[in-house]
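Peer 1: The structure under discussion is supplied below as structure tokens; questions concerning it will follow.
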Amino acid sequence: MIRRLFWVGVGVAVTVVVIRKGRQVVARYTPEAVSERAAAAVDEAGVRLNRMAHSFRSDFATARAEREAELMASLRGELPGHGR
Numbered sequence: 001m002i003r004r005l006f007w008v009g010v011g012v013a014v015t016v017v018v019i020r021k022g023r024q025v026v027a028r029y030t031p032e033a034v035s036e037r038a039a040a041a042v043d044e045a046g047v048r049l050n051r052m053a054h055s056f057r058s059d060f061a062t063a064r065a066e067r068e069a070e071l072m073a074s075l076r077g078e079l080p081g082h083g084r
């Protein structure tokens with residue numbers, strides 16, 4: 001009797017878990033959910049692209065300023081690393 005009650009309880013618990021997971025899977029793949037995930041992925045890609053562009057601009061500006069200083073020092077006849 002106790003064994004049967006135990007296995008009925010296990011069966012009910014498994015059924016509840018399967019139904020909940022099934023609903024999550026169905027909700028995940030509905031057209032609305034898919035479009036929301038796609039929009040979120042596009043937004044994230046835009047944020048990453050913006051960060052990369054900002055990083056590139058700052059690196060480029062730094063490198064340009066360094067090269068400009070080297071060229072100006074060369075025009076003035078200074079040795080590299082020995083400022084006047």
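Residues in the sequence shown are numbered from 1 upward in steps of one, following UniProt numbering.
From the three backbone atoms N, C-alpha and C, an ideal C-beta is built for every residue, glycine too.
A quick note: this is a predicted structure, and the numbers were derived from the prediction, not measured.
Just the C-alpha distance for ALA24 and VAL34, rounded to the nearest angstrom, thanks.
Peer 2: First, the residue type needs correcting, since residue 24 is Gln and not Ala in the sequence shown. Note on geometry: alpha-carbon atoms of GLN24 and VAL34 lie some 13 Å from one another.
Peer 1: May I ask which residues mark the beginning and end of the alpha helix (DSSP H) holding MET52?
Peer 2: 31–76
Peer 1: Among residues of its own chain, excluding the 5 on either side of ALA11, which ones have a beta-carbon nearer than 6 Å to its beta-carbon?
Peer 2: At residue 11 the sequence reads Gly, which differs from the Ala that was named. None.
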